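Chains as they are written, first to last, in the working numbering: chain S, 1 to 298; chain Y, 299 to 839. Following: one structure in structure tokens, then a few remarks.
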Amino acid sequence: MAIAQTAIENIVPEETRDPWYVQFWGLVRRQPLGAAGGLVVLIMLFATIFAEVLSPYDPEMISFEHMLVAPNADFWMGTDAFGRDILTRIIYGARTALFVGFTAAFVGSTLGLILGVASAYFGGIFDLVVQRLVDILMAFPLIVLALAVVATLGAGTLNVVIAITIPFIPQCARVVRSSALAIREIPYVDAARALGFGHSRIILRHMVPNVMAPYLIMLTTFVGHAILLEASLSYLGLGVQEPTAAWGLMLQGGAEEFAESAPWVPIFPGLAITLAVFGFNLFGDALRDLLDPRLRAR
Amino acid sequence: MKKITRKFVISVATGAFLAVGLTATVMAATPQPGGTLSFVVASKIPSYDGHQETTFGMGHPIRPFYSLLIRVNPENPADPADFKCDLCEGDVPEATDGGTKYTFKIRSGITFHDGTPLTSADIKATYDKIIFPPEGVPSSRKAFFKMVDSVEAPDANTVVFNLKFPSGAFIPAVATPFNFVYSKKDLDAHGYDWHKKNINGTGPYIFIEDIPGQHVLGKKNPNYHFEGRPYLDGFKAISAPKMAVRINAIRGNQASIEFRGFPPKARDDMVNALGDKLTVQESDWNCVLMSTVNTKRPPFDDIRVRQALTLAVDRYAGSKYLSQIAIVKTVGGLVFPGHPLAASQEELEQLIGYSRDIEASRAKARALLKEAGVPEGFKFVFNNRGVDQPYKVVGTWLVDQWRKVGLDPQQTVKPSPQFYATLRKQFDFDVSIDFNCQSVINPIADVSKFLCSAGNNYSQCESQEVEDLYNTLMRAETLDEQRSIMRQYEKAALDFASGAITLWWYKINPHREYVKGWKIAPSHYLNQHLDNVWCTDGKCS
């Protein structure tokens, strides 16, 4: 036994782990774009959590005395047609964007994960039926499907979350299923089955943890997509409703009428949407590179 | 001599200058025939049947195909009492038989676009459909003719309207621009639904085609009953739901005019971009946004809560600021502001919700809410229509106003069909945006919306006091009497608070300067026959 222990110690030398900040810096250097994306995500999270502290004004309070004021020392990004501070509404809008983005992405990806793994695990008729349903849902572009759902359910924050979640489910299910199909053939799944474990235990304890990489990548990508979809639906007047601060809604109220006379009204929410989606996409790409062993080696 | 010569030269030069200027002015004022007017329309056409529809989406492209019995004076459409004969002959008739009989003489030689001659039987058939429609046949302005007992056509050129009682509201009701005159032959042969999808009128233009989502085309009617008109060879009504598209169409000269109206910012941008190539016409608008309260839903079944809603709204500040960003402006009561029957400023300020002291009003609103047991931060559903101008702008403002008295309205903005379903059929709202938009200014008919029994009152209310006052108002003969009863009616309706007026609309129509002859009216439904519109120097093409 002592000989065996010595042999193992010889084979695997003791790892000298760098402190976390050194590892973090290494990560930033390896993935500068991902780090930039992560920084945007962090800023958004910070703004969301500390909106009340960071925001100089009430995001919904109308103040006609300050209507359409150009950016200045008091209103860094100017004010809108109702005299509301645009910076404040962008900060609070981050809360709306992240709430819709994370909720829709998390629920959509998780349901897709369960459906995809179950589809791969059970195979046969169940897989066939699920995949054809997935085919049908995937035949519609994201925005069209979301529009159809919100047109049926009506506008409002919760309905927007549902409308965005539904198109994500088949997308995640399809990707996860392809990974799960390979895992299904690995002997430990057979072993679990031979030991008499139930389907749910095999799926949740043995298969799901092994498809977490594609799941996490989809999740982060979906957050960006969800923010964009929420903005699109709100821009079309079908999403979040006034006076709630939401970037798409701010754009909708300002893009047409004030593009010339008060360009700051549409420009800043437009920039916020662009930055957020860009940030989440970069972060998602970096995450994929880190979690994919083939890409990690490069 | 030198002095005389110089004087002479100056006189001749001045004379010549004036003569040239005068000639140019006369030339510019003389209608020039030809061209096709392109205009943009924001809304869709639900059907072609004017008797049923209430939207300018139908009115603007379809009205030029039809004639009316009488119409507002196209040269003076702002005057609420100036009417001219269209299909009738001579002047608009005076009432006889103690104010209960109107006899119209019909012009001879008029034909429908399919060649059928027009007679008084067509007028009778048209008004029978509008006033006495069979069950199941919709007629949006049936209530305007409550005073009419019967319509007769004693000969081919005479139509007689017999009234139950004298009413000053009758003639304006006849001039309503949706009262398209249909052919009796079409109604008899095809039934009352035929005009929803087919067009056959006697109007200045003949229908060519309607491509939904694109355009409606009309061409000049060579047999039109006003000689020399229409001036244009035709028109093209371009469908453009997005405001940006409509603005850019005019800026890019793809369209010459939009007849509904633009917000002030759009006007300013267009004026800055086009300068003297643009003419802007503005007018008060016989259209008002309201908040309608569902009186069947607690706590809004309590009059104190309803009164608190109207007391919370600062209409004067709203007018000052919203008029800079939306198509609303004028503070007024139930009657179109400026009309002889409208409340004076002094009278207005005595009404609930119209005090200049907004802090006192809001303090009273809070007290009423407390008395009624409504908690601070009380949430309720506020139904609004997904149309920016002015619905969403006014809706957002109202949310802010109600929050100032401790309420927390949850605005749900819906596309028009769902909005109407909520307001008119499902009644699943606490408070909703509503509107009272009329064409001809006819206050006695227009204020009927505040009757609980009115078909277009969606508050599900019951108020006998308001009903009784309206019945008295309908029968009032002199202006003084009408005015006095109108004040009582207005106070009773606003105190009851099942509906509250917000701000009256303000119409702004920027259009290409070469479009002549069209005069703005206090309604986007009025003066849309286009028979007197023309373009200078062939600029319409």
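We put the CB at the ideal spot given by N, CA and C, even for glycine. Source: prediction; values computed, not measured.
Are the C-beta of Y:P561 and some C-beta of chain S separated by less than 8 Å? Residue 561 of chain Y sits at position 263 when you count from the first residue of the second sequence. By this cut-off, Y:P561 is an interface position.
Against chain Y, with Cβ distances strictly below 8 Å, would S:G26 count as a contact? Residue numbering aside, residue 26 of chain S sits at position 26 when the first sequence is read from its first letter. No, its Cβ sits nowhere closer than 8 Å to a Cβ of chain Y.
Quick check: the Cα distance between Y:N477 and Y:T500, rounded to an integer number of angstroms? Here residue 477 of chain Y is taken as the residue at index 179 of the second sequence, counted from 1. Here residue 500 of chain Y is taken as the residue at index 202 of the second sequence, counted from 1. Between the C-alpha atoms of Y:N477 and Y:T500 there is a straight-line separation of about 13 Å.
Does the count of Cβ pairs from the segment 793–811 of chain Y and the segment 578–597 of chain Y closer than 8 Å reach three? yes
When you compare the CB of Y:H822 with every CB in chain S, is at least one pair closer than 8 Å? Position 524 of the second sequence holds residue 822 of chain Y. Not an interface residue.
Answer with buried or exposed for S:F24, where buried requires no fewer than 16 other C-beta atoms within 10 angstroms of its C-beta. Within the first sequence, the letter at position 24 stands for residue 24 of chain S. Exposed, by the Cβ-count rule.
Sequence-distant residues of its chain with Cβ nearer than 6 Å to S:L238 (five each side left out): Numbered from 1 along the first sequence, position 238 holds the residue referred to as residue 238 of chain S. Once the five neighbours on either side are set aside, the close Cβ partners of S:L238 are V150 and A155.
If you draw a straight line from the alpha carbon of S:V40 to that of Y:G333, how long is it in whole angstroms? Mapped onto the first sequence, residue 40 of chain S falls at position 40. Mapped onto the second sequence, residue 333 of chain Y falls at position 35. Rounded to the nearest angstrom, the two C-alpha atoms are 57 Å apart.
Per-residue contacts from S:P263 into chain Y (C-beta, under 9 Å): Position 263 of the first sequence, counted from the first residue, corresponds to residue 263 of chain S. What S:P263 touches in chain Y: nothing, since even the nearest Cβ is about 12 Å away.
Cβ-based contacts, 9 Å cut-off: residues of the segment 592–623 of chain Y near chain S: A615, G616, K618, Y619, L620, Q622 and I623
Would you mind listing the alpha helix (DSSP H) stretches within the segment 543–587 of chain Y that are 4+ residues and don't spill past its ends, in chain order? 562–572
Cβ neighbours of Y:G675 in the same chain (closer than 6 Å, five flanking residues each side left out): As a position in the second sequence, residue 675 of chain Y is number 377, starting the count at 1. Closer than 6 Å at the Cβ level, and outside the excluded window around Y:G675, lie D706.
Evaluate Y:S757 with the Cβ neighbour count: other Cβ atoms within 10 Å of its Cβ, from every protein chain shown; 16 or more gives buried, anything less gives exposed. The count along the second sequence starts at 1 and reaches residue 757 of chain Y at position 459. Y:S757 is buried by the Cβ-count criterion.
Using CA coordinates, which residue listed in Y:G704, Y:A719, Y:K495 and Y:A819 is at the minimum distance from Y:E373? Position 75 of the second sequence holds residue 373 of chain Y. Residue Y:A819 is the option with its Cα nearest to Y:E373.
With Y:S617 and Y:T628 assumed to form a contact (beta carbons below 8 Å), what rounded beta-carbon distance in angstroms separates them? In the second sequence, residue 617 of chain Y corresponds to position 319, counting from 1. In the second sequence, residue 628 of chain Y corresponds to position 330, counting from 1. Indeed, because the Cβ distance is near 7 Å, the residues count as touching under 8 Å.
Buried or exposed by the 16-neighbour rule on C-beta atoms within 10 Å, applied to Y:K677: Working through the second sequence from its first residue, we reach residue 677 of chain Y at position 379. So Y:K677 counts as exposed.
Is the segment 209–224 of chain S touching the segment 98–112 of chain S, taking contact as three or more C-beta pairs under 8 Å? Result yes; three or more Cβ-Cβ pairs closer than 8 Å.
Within-8 Å CB hit, Y:V697 to chain S: As a position in the second sequence, residue 697 of chain Y is number 399, starting the count at 1. Answer yes: the Cβ-Cβ gap between Y:V697 and chain S drops below 8 Å somewhere.
For Y:F354, three-class secondary structure by DSSP: Your numbering for residue 354 of chain Y matches position 56 in the second sequence. If DSSP states are grouped into helix, strand and coil, Y:F354 belongs with the helices.
Helix, strand or coil for Y:F779? Go by DSSP, reduced to three states. Locating residue 779 of chain Y in the second sequence gives position 481, where the first residue counts as 1. Correcting the residue identity first, residue 779 of chain Y is Glu in this sequence and not Phe. DSSP places Y:E779 in helix when its eight states are reduced to three.
By a C-beta neighbour count over all protein chains shown, 10 Å radius and 16 as the cutoff for buried, is S:R29 buried or exposed? The residue you call residue 29 of chain S lines up with position 29 of the first sequence. Exposed: under 16 other Cβ atoms inside 10 Å.
Whole-Å CB distance - S:I183 paired with S:V211, under 8 Å assumed: Against the first sequence, residue 183 of chain S aligns to sequence position 183. Against the first sequence, residue 211 of chain S aligns to sequence position 211. With a Cβ gap of about 7 Å, S:I183 and S:V211 count as contacting.
Does any residue of chain S bring its CB to less than 8 Å from the CB of Y:V672? Along the second sequence, one-based indexing puts residue 672 of chain Y at 374. False, the Cβ-Cβ gap to chain S never drops below 8 Å.
Just to confirm, does Y:W492 get its C-beta within under 7 Å of one of the non-hydrogen atoms of the ligand NAP? This structure does not include the ligand NAP; it has no bound ligands of any sort.
Leaving out the 5 sequence neighbours to the left and right, which residues in its chain are closer than 6 Å to S:F168 when beta-carbon positions are compared? Taking the first residue of the first sequence as position 1, residue 168 of chain S is located at position 168. Result list for S:F168: G108 and F222, in chain order.
Answer with yes or no whether the minimum CB distance from Y:A564 to chain S is below 8 Å. Residue mapping note: residue 564 of chain Y aligns to position 266 of the second sequence, counting from 1. By this cut-off, Y:A564 is an interface position.
Just verifying my parser: in three-state terms, what is the DSSP assignment at Y:H349? By 1-based counting over the second sequence, the position of residue 349 of chain Y is 51. Three-state DSSP puts Y:H349 in coil, outside helix and strand.
Cβ closer than 7 Å: which chain S residues qualify as neighbours of Y:D567? As a working note, residue 567 of chain Y is residue 269 in the second sequence. The answer, in chain order, is E260 and S261.
Quick check on this structure: which residue in Y:F748, Y:D686, Y:F524 and Y:N755 has the alpha carbon closest to the alpha carbon of Y:G631? For the purposes of this step, residue 631 of chain Y is identified with residue 333 of the second sequence, where counting begins at 1. Of the listed residues, the one whose Cα sits closest to Y:G631 is Y:F748.
Within 10 angstroms of the Cβ of S:P56, are there 16 or more other Cβ atoms? Answer buried if so, exposed if not. For this step, residue 56 of chain S is matched to residue 56 along the first sequence. Flag for S:P56 reads exposed.
Buried or exposed for S:R17, please, with buried defined as at least 16 other CB atoms from any protein chain shown within 10 angstroms of its CB. On the first sequence, residue 17 of chain S is found 17 positions in, with the first residue counted as 1. The residue is exposed, with fewer than 16 neighbouring Cβ atoms inside 10 Å.
Take the Cβ of Y:P475 as the centre, count every other Cβ of all protein chains shown within 10 Å, and call the residue buried at 16 or more, exposed below. Counting from 1 along the second sequence, the entry for residue 475 of chain Y is found at position 177. Its Cβ being crowded by 16 or more others within 10 Å, Y:P475 is buried.
Measure how close the beta-carbons of Y:C386 and Y:K403 come, nearest whole angstrom, since I'm counting them as under 8 Å. Within the second sequence, numbered from 1, the residue matching residue 386 of chain Y stands at position 88. Within the second sequence, numbered from 1, the residue matching residue 403 of chain Y stands at position 105. So it is a contact: roughly 6 Å between Cβ atoms.
List, from N- to C-terminal side, the beta strand (DSSP E) runs of 3 residues or more that fit wholly inside the segment 791–838 of chain Y. 797–810
Report the residue from Y:A467, Y:T328, Y:E392 and Y:K495 whose alpha carbon sits nearest the alpha carbon of Y:L777. For the purposes of this step, residue 777 of chain Y is identified with residue 479 of the second sequence, where counting begins at 1. Minimum Cα distance to Y:L777 is reached at Y:A467.
S:N72 classed as buried or exposed, judged by whether at least 16 other C-beta atoms fall within 10 angstroms: Position 72 of the first sequence, counting from 1, holds the residue named residue 72 of chain S. S:N72 should be labelled exposed.
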